[in-house]
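Below is one structure, written out as structure tokens; the observations come after it.
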Amino acid sequence: MALSGISAHAATVVAARDTIIDAKAVDYLIVLIYFAVVLGIGMVARRQVSDSVDFFLSGRSLPAWVTGLAFISANLGAVEIMGMSATGAEIGLPTVHYFWVGAIPAMLFLGVVMMPFYYGSKVRSVPEFMYRRFGTGAHLVNALSFAVAQLLIAGINLYLLGSIVHALLGWPLWVALIVAAVIVLSYITFGGLSAAIYNEVLQFFVIVAALLPLTLIGLHRVGGWQGVQDGITGAASANPDTVVPADQQLNPWPGNALSGLDNDVMSVIGIVFGLGFVLSFGYWTTNFVEVQRAMASNSISSARKTPIIGSFPKMFVPFITILPGMIAAVLVTEIADLKASGGTAEIPGGSGGNVSYNDSLLLLMRDVLPNGLLGLAIAGLLAAFMAGMAANVSAFNTVFSYDLWERYVVKDRPDGYYLTIGRLATVGATVVAIFTAALASNFSNIMDYLQTLFGFFNAPLFATFIVGMFWRRMTATAGWVGLVSGTVGAIIVAILCEGTLGSLSIGVIPIDGQGAAFLAAGAAFVVDVVVSIVVTLFTRPKPASELVGLVYSETPKESLTDPDEAGYPFYRRTIPLALIALVLVIILNILI
Amino acid sequence: MSNPSGTPRRTAGLADIRNIIGGLLAVYGVILTAMGLFGDQELDKTGGVNANLWAGLALLVVAAAFILWAVLRPTVVPPTSGD
């Protein structure tokens, strides 16, 4: 999951006297070139924006490989890169479950099963689908919680971005925050979603160009995979009390350190159902940040292929995020010491005062990259963090303009009016994000718990969507009541567990960490389904005529697929591509 | 799928994302290759490999592939399918 790996207190910024990394003129040049290109894309894209569909949905004109890469990049932000390398440094290979169990299956499901409804019904956002299927109640719950969550997450992305700039280049945090925010703001306000998506695609290549050399040189320095294994085994046997045992770090299953469950069988069940099913399906199939990328594509075939094409690079992201984290835990003195102490040692020299696991990549960059490649790596990280924030902001402005402003506040104005509102919303969101970022730097624990809470909205959303798409009888009342009770169910479970919501949690159920999140999400899913069914039996369903395009049994099969697709070669067809991805990810799961 | 009311649009040259990617990676490739040839190789950090040079050359190859792709299969921006 995108949100779980990192904590906002990653970098409680203390005034650093020296920068972590010694950047030279050539490194600054590489970073500057990147920013120039990013702004240039915004300008070019601006010329092509003529109406609100252009601005919010890129005129539905992009090819599948572009939206597929953007789909991955929108998620490849600060939280993912720093979080996954940090988790890799701490617990090793089980971290791959966030990708091969916790992302790929859900992405394939989104493309094969759910995308035809999203794209085919011509809705402009995920909440709008909710509106058409269930009416006002479910729509308001979805649109509001999504909009607020995006502002929060944009702020956290911005904060991480600012603290990295501060650590790398020595700029004061507030200057870094404002400069980064202005750059993101200018390219989205000018170019809308096209600029955001083009930059995401560009960012993907820059981040690979940055992290791949880092990984390869790191591997070379440490003596290959054998060196990583030897280093981890040695460190684990030297500190048996504080470090996760080496065989658990070097084997993905049963992943006790990831799930927080001691029992092997429970741990596997928790990862497969909690992470692989409820949490990841909830995140990937209902998150408008992701789905918006697919909606921007040029046909229903491209929309369906967007997450499926995205799943191929996604499979290999662990090799350039988790693996360098593991290498850093062997090669970088500070991270190795931190790990030996069980994460408690206070070692100066991190991006936010003391070294934390989140500094793994930065410190590895410092140790193995020569100037030049170092600049490229800095550019890659900045690119990823900006794109993460841009993705949040561009999804926010769509939901704000279409789903909140146009639906409930000022209706029936000409299109140009909503385009202006969209641009204003972008400015507003950026300003709010700066304040959220400042808040994150002062109240880091609260931000962590809020992220956990927002995670709880996803699991019941998925339940409501999937039941609503396949059971035509499900009623509008069941829609919002199911959502609310599912979310409440998750919160109750989180309170009953240990520490999930800090001091609010009372520890009746003896599970903490990720295991508790799996359990809460699972409870939310079950409660949502049961309540939806019960409420449906006592309320009046919508007439079938209003469900065309929204519910499987009421929708003509032709409108769910692309008539042209049958004539394409197999590698351009949705189902064969999805099968190839599925086989590949199963092979990866077995081999590693 | 065609749009009767819209004017046909073509993107060309620089606006094609493949050319932008290719161009940026090419500039980075040139800089890194030059660093590898003329700059401090910092072999103690990289474990004896001229990392800038190899990364620079690899970037140039990838950049060339993108630009070649854009030249061989130029994009005519598909007509918008929406209203």
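Going line by line, the protein sequences match chains A and B.
For the first sequence, position 534 matches number 534 in the working numbering, and the numbering has no gaps at all.
One rule links them: number in the working numbering = place in the second sequence (from 1) + 1000.
Backbone N, C-alpha and C fix where the C-beta goes; we use that ideal spot for every residue, glycine too.
Inset, instruction - For residue 1019 (chain B), decide whether its Cβ has a neighbour in chain A, counting only Cβ atoms nearer than 9 Å. - result: If you number the second sequence from 1, residue 1019 (chain B) lands on position 19. Taking Cβ atoms only, chain A never reaches closer than 9 Å to residue 1019 (chain B), which makes this a no.
Legend entry - Neighbour-count burial assignment, residue 1005 (chain B), 16 or more Cβ in a 10 Å radius: Translated into positions along the second sequence, residue 1005 (chain B) becomes position 5. A caution first: residue 1005 (chain B) carries a pLDDT of 42, below 50, which makes its placement in the model unreliable, though a value can still be read off. When all chains shown are included, residue 1005 (chain B) counts as exposed.
Legend entry - Exposure label - residue 165 (chain A); buried when at least 16 CB within 10 Å: To locate residue 165 (chain A), count along the first sequence from 1; it is residue 165. Buried.
Legend entry - Where residue 343 (chain A) sits in the DSSP three-state scheme: Translated into the one-based positions of the first sequence, residue 343 (chain A) becomes position 343. If DSSP states are grouped into helix, strand and coil, residue 343 (chain A) belongs with coil.
Legend entry - Residues within the stretch 193-219 of chain A neighbouring chain B, beta-carbon criterion of under 7 Å: 198, 201, 202, 205, 209, 213 and 217
Inset, instruction - Measure from the alpha carbon of residue 528 (chain A) to the alpha carbon of each residue in A:467, A:579, A:581 and A:547, then state which is nearest. - result: Against the first sequence, residue 528 (chain A) aligns to sequence position 528. It is A:467 whose Cα lies nearest to the Cα of residue 528 (chain A).
Inset, instruction - Assign residue 593 (chain A) to one of three DSSP states: helix, strand, or coil. - result: Beyond the ends of chain A as shown, which are 1 and 592, falls residue 593 (chain A); an answer cannot be given.
Legend entry - Contact with chain A by residue 1065 (chain B), beta-carbon distance below 9 Å: Numbered from its first residue, the second sequence carries residue 1065 (chain B) at position 65. By this cut-off, residue 1065 (chain B) is not an interface position.
Legend entry - Cross-strand partners of residue 62 (chain A) (DSSP beta bridge): As a position in the first sequence, residue 62 (chain A) is number 62, starting the count at 1. According to DSSP, residue 62 (chain A) bridges with A:297.
Legend entry - Option in A:553, A:592 and A:433 with minimal Cα separation from residue 178 (chain A): The sequence position of residue 178 (chain A) within the first sequence is 178, counting from 1. That would be A:433, whose Cα lies nearest to the Cα of residue 178 (chain A).
Legend entry - N-terminal and C-terminal residue of the beta strand (DSSP E) that residue 349 (chain A) is part of: Residue mapping note: residue 349 (chain A) aligns to position 349 of the first sequence, counting from 1. Per DSSP, residue 349 (chain A) belongs to the beta strand (DSSP E) from 348-350.
Inset, instruction - Please list, in chain order, all residues of the same chain as residue 346 (chain A) whose beta carbon is under 7 Å from its beta carbon, the five residues on each side excluded. - result: The count along the first sequence starts at 1 and reaches residue 346 (chain A) at position 346. Same-chain partners within the cutoff: 354.
Legend entry - the stretch 355-367 of chain A in contact with the stretch 395-403 of chain A per 3-pair CB rule at 8 Å: no
Legend entry - Closer than 9 Å to chain A by CB, residue 1060 (chain B): Residue mapping note: residue 1060 (chain B) aligns to position 60 of the second sequence, counting from 1. Taking Cβ atoms only, chain A never reaches closer than 9 Å to residue 1060 (chain B), which makes this a no.
Inset, instruction - On a CA-only basis, which of A:131, A:259, A:157 and A:195 is nearest residue 180 (chain A)? Give me that one, please. - result: Position 180 of the first sequence, counting from 1, holds the residue named residue 180 (chain A). Of A:131, A:259, A:157 and A:195, the residue nearest in Cα terms is A:157.
Inset, instruction - Find out if the Cβ-Cβ distance for the pair residue 103 (chain A), residue 235 (chain A) is shorter than 9 Å. - result: For the purposes of this step, residue 103 (chain A) is taken as residue 103 along the first sequence, with counting starting at 1. For the purposes of this step, residue 235 (chain A) is taken as residue 235 along the first sequence, with counting starting at 1. Going by C-beta atoms, residue 103 (chain A) is not nearer than 9 Å to residue 235 (chain A).
Legend entry - For residue 540 (chain A) and residue 584 (chain A), the rounded distance between their alpha carbons: Taking the first sequence and counting its residues from 1, the one referred to as residue 584 (chain A) is at position 584. Taking the first sequence and counting its residues from 1, the one referred to as residue 540 (chain A) is at position 540. Their Cα atoms are separated by approximately 45 Å.
Inset, instruction - Can you check DSSP and say which residues form a bridge with residue 200 (chain A)? - result: Along the first sequence, one-based indexing puts residue 200 (chain A) at 200. Looking at the DSSP assignment, residue 200 (chain A) forms no beta bridge with any residue, so it has no partner.
Legend entry - Exposure of residue 251 (chain A), with buried meaning 16 or more beta-carbon neighbours within 10 Å: Counted from its first residue, the first sequence places residue 251 (chain A) at position 251. With fewer than 16 other Cβ atoms within 10 Å, it is exposed.
Legend entry - Any 3 or more C-beta pairs closer than 8 Å across the stretch 566-583 of chain A and the stretch 123-130 of chain A: no
Legend entry - Whole-Å CB distance - residue 107 (chain A) paired with residue 314 (chain A), under 8 Å assumed: Translated into positions along the first sequence, residue 107 (chain A) becomes position 107. Translated into positions along the first sequence, residue 314 (chain A) becomes position 314. Residue 107 (chain A) to residue 314 (chain A), Cβ: 7 Å. Contact.
Inset, instruction - Examine chain A for any beta-carbon lying closer than 9 Å to the beta-carbon of residue 1071 (chain B), and answer yes or no. - result: Position 71 of the second sequence, counted from the start, is the residue given in the question as residue 1071 (chain B). So no, residue 1071 (chain B) is outside the interface.
Inset, instruction - Measure the C-alpha to C-alpha separation of residue 173 (chain A) and residue 382 (chain A) and round it to an integer number of angstroms. - result: To locate residue 173 (chain A), count along the first sequence from 1; it is residue 173. To locate residue 382 (chain A), count along the first sequence from 1; it is residue 382. Taking the straight line joining both Cα atoms gives about 14 Å.
Legend entry - C-beta neighbour in chain B for residue 371 (chain A), strict 9 Å: Here residue 371 (chain A) is taken as the residue at index 371 of the first sequence, counted from 1. Answer yes: the Cβ-Cβ gap between residue 371 (chain A) and chain B drops below 9 Å somewhere.
Legend entry - residue 498 (chain A) versus A:489, A:550, A:491 and A:511, residue with shortest Cα-Cα distance: Reading the first sequence from its first residue, position 498 is the one you call residue 498 (chain A). Selected option, being the one with the closest Cα: A:511.
Inset, instruction - State the CB to CB distance for the pair residue 209 (chain A) and residue 380 (chain A), rounded to an integer number of angstroms; the pair is presumed to be in contact (CB under 8 Å). - result: For the purposes of this step, residue 209 (chain A) is taken as the residue at position 209 of the first sequence. For the purposes of this step, residue 380 (chain A) is taken as the residue at position 380 of the first sequence. That pair is a contact at about 7 Å.
Legend entry - Reduced DSSP category for residue 442 (chain A) - H, G, I as helix; E, B as strand; rest coil: For the purposes of this step, residue 442 (chain A) is taken as the residue at position 442 of the first sequence. Helix, per DSSP.
Legend entry - DSSP state of residue 498 (chain A) mapped onto helix, strand, coil: Here residue 498 (chain A) is taken as the residue at index 498 of the first sequence, counted from 1. In this structure, residue 498 (chain A) counts as strand in the three-state DSSP scheme.
Inset, instruction - Could you say which of A:119, A:191 and A:492 lies nearest to residue 46 (chain A) if we only look at CA atoms? - result: Translated into the one-based positions of the first sequence, residue 46 (chain A) becomes position 46. Closest option to residue 46 (chain A), Cα to Cα, is A:191.
Legend entry - Opposing strand residues paired with residue 354 (chain A) [DSSP bridges]: Within the first sequence, numbered from 1, the residue matching residue 354 (chain A) stands at position 354. For residue 354 (chain A), which the question treats as bridged, DSSP gives the partners A:348.
Legend entry - Range covered by the alpha helix (DSSP H) that runs through residue 100 (chain A): Here residue 100 (chain A) corresponds to residue number 100 of the first sequence, with the count starting at 1. From DSSP, the alpha helix (DSSP H) with residue 100 (chain A) extends over 97-100.
Inset, instruction - Assess, as a yes-or-no matter, whether the stretch 530-545 of chain A is touched by the stretch 265-280 of chain A under the definition of 3 or more beta carbon pairs within less than 8 Å. - result: no
Legend entry - Inter-residue spacing [alpha-carbon to alpha-carbon] between residue 244 (chain A) and residue 257 (chain A): For this step, residue 244 (chain A) is matched to residue 244 along the first sequence. For this step, residue 257 (chain A) is matched to residue 257 along the first sequence. Roughly 7 Å between the two C-alpha positions.
Inset, instruction - Name the two residues that bound the continuous alpha helix (DSSP H) containing residue 229 (chain A). - result: Within the first sequence, the letter at position 229 stands for residue 229 (chain A). 224-238 is the extent of the alpha helix (DSSP H) around residue 229 (chain A).
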